[in-house]
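In the numbering used here, the protein residues as written are 18 to 315. By construction, the Cβ of each residue, glycine as well, lies at the ideal position given by its N, Cα and C atoms.
This is the structure we're talking about:
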C-alpha cells in the first residue's frame, strides 16, 4: 500500500478534525503517517500518528500555533527525504501565524519548492469536472496586466502539460488558455495583452511540443471544459480561475502543486478558525485531497 503523509496544519484550525474524519475512510487503501499533536489527534490509530513535539505551554498563542504548523511540515519533509512517504497531503496553515513564527515563506508551496530545489512550480485547482492553473496568483487586479509576461505564461503551460501527463496519466492533454480581457481582447479593441503577450507565449509553447488552444474567450471556455472539451484551463489571474472552479467544486476541490518531485495535495479551503473545535467541519475536501494523492501515487 502507498504511504501517505499528512500534516495537521495550524492547531487552532480544523486540520485535526478533518484528518480524523477522513483517514478512517481510507484505511486498507493506504498507510498513513500523520504529523501533528497527539493531544489533538487522539482518534487516530497509534501507528498512524507521527507525534511532533511542538506543544504550547498552555492555550495556543498565534505564534506558537504557527511554530507548530511549521514543525509538522518539517517532520513530513524529513520523512520524504528518507523515502518514508509516497505523497503528502497538507491541512491548512495560517500564513499570518507562520509569519509570526518567523517562517520565511508565503505558504506551503514556496516552502516545498525550496526544500526540493524546484524552480518551476504551478498551483492547480483540480476536481472531477474542471482543472485550472494560474499564470499569476495573488496579484491585485490593478497589477495583473503588468505582472503578466510571456515567460510566466509559457512556464505555466509547460508545467501544466507535464503535470497532466505525469500526475494525471493523460497522454495527450487538451489545454485551453484564457485571454485576459473581455472577448479575449476582440482583436486588440479591448486590450493588447492577447496580441503582445499571450499569443506569442502560446506560439513558443507549441514550438516546444506543448499543444494548447487560445487565447480563448474566458466567459465561454469554462463551460466547454465542464462539458469535457478541455482537460485543463490556464487562467491569467486568481479569480478568473477560482470563481468558476468553486462554483463547480466548492466542497470537493483539491489544491495540487505541479512541478515538484513530491506529490502534494491539500484541501481547497483555509483554517476555518471560526468553527474550529465545534465538531462541524466538513471533511469532503480533505477526503478528495487524500483520494487524489493516492491516485497520483499509484
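Which whole-angstrom value describes the C-beta separation of residue 143 and residue 273, a residue pair presumed to lie in contact below a C-beta threshold of 8 angstroms?
As a first step, residue 143 is located in the chain shown; it is residue number 126 there, counting from the start. As a first step, residue 273 is located in the chain shown; it is residue number 256 there, counting from the start. Yes, residue 143 and residue 273 are in contact; Cβ-Cβ is about 5 angstroms, under 8 angstroms.
I'd like the ranges of any beta strand (DSSP E) spanning at least 3 consecutive residues and lying wholly in the region 228-288.
Within the region 228-288, the runs of beta strand (DSSP E) at least 3 residues long that lie entirely inside it are, in chain order, 230-233, 249-252, 271-275 and 281-284.
For residue 139, which residues of its own chain have a beta-carbon under 8 angstroms away from its beta-carbon, when the five flanking residues on both sides are left out?
Start at 1 with the first residue of the chain shown, and residue 139 comes out as number 122. So the list reads 150, 151, 172, 173, 176, 177, 180, 274, 275 and 276, once near-sequence residues are dropped.
Buried or exposed by the 16-neighbour rule on C-beta atoms within 10 Å, applied to residue 220
For the purposes of this step, residue 220 is taken as the residue at position 203 of the chain shown. Answer is exposed; the Cβ neighbour count stays below 16.
How about residue 308 and residue 52: do their beta carbons lie closer than 9 angstroms?
On the chain shown, position 291 is the one that residue 308 refers to. On the chain shown, position 35 is the one that residue 52 refers to. Taking 9 angstroms as the Cβ cut-off, residue 308 and residue 52 do not qualify as a contacting pair.
Contained beta strand (DSSP E) runs [length at least 3] in the region 57-139, N- to C-terminal order
At a cut-off of 3 residues, the continuous stretches assigned as beta strand (DSSP E) that sit fully inside the region 57-139 are 66-68 and 104-107.
Closest to residue 170 by C-alpha separation, out of 184, 192, 312 and 32, would be which residue?
Numbered from its first residue, the chain shown carries residue 170 at position 153. The residue with the shortest Cα to Cα distance from residue 170 is 192.
Give me the Cα-Cα distance between residue 129 and residue 76, rounded to the nearest whole angstrom.
Position 112 of the chain shown, counted from the start, is the residue given in the question as residue 129. Position 59 of the chain shown, counted from the start, is the residue given in the question as residue 76. Rounded to whole angstroms, the separation of the alpha carbons of residue 76 and residue 129 is 29 angstroms.
Using only alpha-carbon positions, find the residue among 30, 39, 22 and 100 that is nearest to residue 68.
Taking the first residue of the chain shown as 1, we reach residue 68 at position 51. Checking every option, the nearest Cα to that of residue 68 belongs to 22.
If you run the structure through DSSP and keep just helix, strand and coil, what is residue 170?
Indexing the chain shown from 1 puts residue 170 at position 153. Residue state, collapsed to three classes: helix.
Distance, Cα to Cα, residue 56 vs residue 20?
As a position in the chain shown, residue 56 is number 39, starting the count at 1. As a position in the chain shown, residue 20 is number 3, starting the count at 1. The alpha-carbon atoms of residue 56 and residue 20 are separated by roughly 23 angstroms.
Alpha carbon of residue 253 to alpha carbon of residue 120, nearest angstrom:
Taking the first residue of the chain shown as 1, we reach residue 253 at position 236. Taking the first residue of the chain shown as 1, we reach residue 120 at position 103. Straight-line Cα distance between these residues: approximately 28 angstroms.
As a quick exercise: from 79, 261 and 213, pick the residue whose alpha carbon is nearest that of residue 236.
For the purposes of this step, residue 236 is taken as the residue at position 219 of the chain shown. If we check each option's Cα against that of residue 236, 261 comes out closest.
To the nearest angstrom, how far is it from the Cα of residue 37 to the Cα of residue 111?
Translated into positions along the chain shown, residue 37 becomes position 20. Translated into positions along the chain shown, residue 111 becomes position 94. So the two alpha carbons sit approximately 20 angstroms from each other.
How about residue 107 and residue 118: do their beta carbons lie closer than 9 angstroms?
Within the chain shown, numbered from 1, the residue matching residue 107 stands at position 90. Within the chain shown, numbered from 1, the residue matching residue 118 stands at position 101. Between residue 107 and residue 118, the CB-CB gap reaches or exceeds 9 angstroms.
Which same chain residues end up closer than 8 angstroms to residue 80 when comparing Cβ atoms and leaving out the 5 residues on each side of it in sequence?
Position 63 of the chain shown, counted from the first residue, corresponds to residue 80. For residue 80, where only same-chain residues beyond five positions count, the Cβ hits under 8 angstroms are 114, 117 and 118.
When the Cα atoms are used, what is the spatial distance from residue 135 to residue 249?
Position 118 of the chain shown, counted from the start, is the residue given in the question as residue 135. Position 232 of the chain shown, counted from the start, is the residue given in the question as residue 249. If you draw a straight line from the Cα of residue 135 to the Cα of residue 249, it comes to about 22 angstroms.
Taking the continuous beta strand (DSSP E) assigned at residue 150, which residues delimit it?
In the chain shown, counting from the first residue as 1, residue 150 sits at position 133. First-last of the beta strand (DSSP E) with residue 150: 148-151.
Would a C-beta distance cut-off of 9 angstroms place residue 148 and residue 242 closer than the cut-off?
For the purposes of this step, residue 148 is taken as the residue at position 131 of the chain shown. For the purposes of this step, residue 242 is taken as the residue at position 225 of the chain shown. Cβ atoms of residue 148 and residue 242: closer than 9 angstroms.
First through last residue of the beta strand (DSSP E) which encompasses residue 223:
For the purposes of this step, residue 223 is taken as the residue at position 206 of the chain shown. Careful: residue 223 lies outside any beta strand (DSSP E), inside the alpha helix (DSSP H) at 216-224.
Exposed or buried, what is residue 189 when buried is set at 16 or more other beta-carbons lying within 10 Å of its beta-carbon?
The count along the chain shown starts at 1 and reaches residue 189 at position 172. Residue environment for residue 189: exposed (fewer than 16 other C-beta atoms within 10 angstroms of its C-beta).
By how many angstroms is the C-alpha of residue 287 removed from the C-alpha of residue 311?
Position 294 of the chain shown, counted from the first residue, corresponds to residue 311. Position 270 of the chain shown, counted from the first residue, corresponds to residue 287. The straight-line gap from Cα to Cα measures roughly 22 angstroms.
Drop a sphere of 10 angstroms on the beta-carbon of residue 155, count the other beta-carbons inside from all chains shown, and report buried for 16 or more, exposed for fewer.
Position 138 of the chain shown, counted from the start, is the residue given in the question as residue 155. Per the 10 Å Cβ criterion, exposed.
Is the shortest distance between the beta-carbon of residue 128 and the beta-carbons of chain D less than 9 angstroms?
Reference to chain D is not applicable here, since this structure consists of a single protein chain.
Taking the beta strand (DSSP E) that residue 308 belongs to, which residues open and close that run?
Walking along the chain shown from the start, residue 308 turns up at place 291. Run containing residue 308: none in the beta strand (DSSP E); it sits in the alpha helix (DSSP H), 301-314.
Is the beta carbon of residue 292 sitting closer than 9 angstroms to the one on residue 31?
As a position in the chain shown, residue 292 is number 275, starting the count at 1. As a position in the chain shown, residue 31 is number 14, starting the count at 1. Yes. Within cutoff.
Residues sharing a beta bridge with residue 51, DSSP
Position 34 of the chain shown holds residue 51. Bridge partners of residue 51: 23 and 66.
Among the candidates 315, 183 and 87, whose CA atom is the shortest distance from the CA of residue 125?
Within the chain shown, residue 125 is the residue found at index 108, counting from 1. Measuring from the Cα of residue 125, the nearest candidate turns out to be 87.
From this set, 200, 194 and 207, which residue's C-alpha is nearest residue 222's C-alpha?
The count along the chain shown starts at 1 and reaches residue 222 at position 205. Of the candidates 200, 194 and 207, the residue whose Cα lies closest to the Cα of residue 222 is 194.
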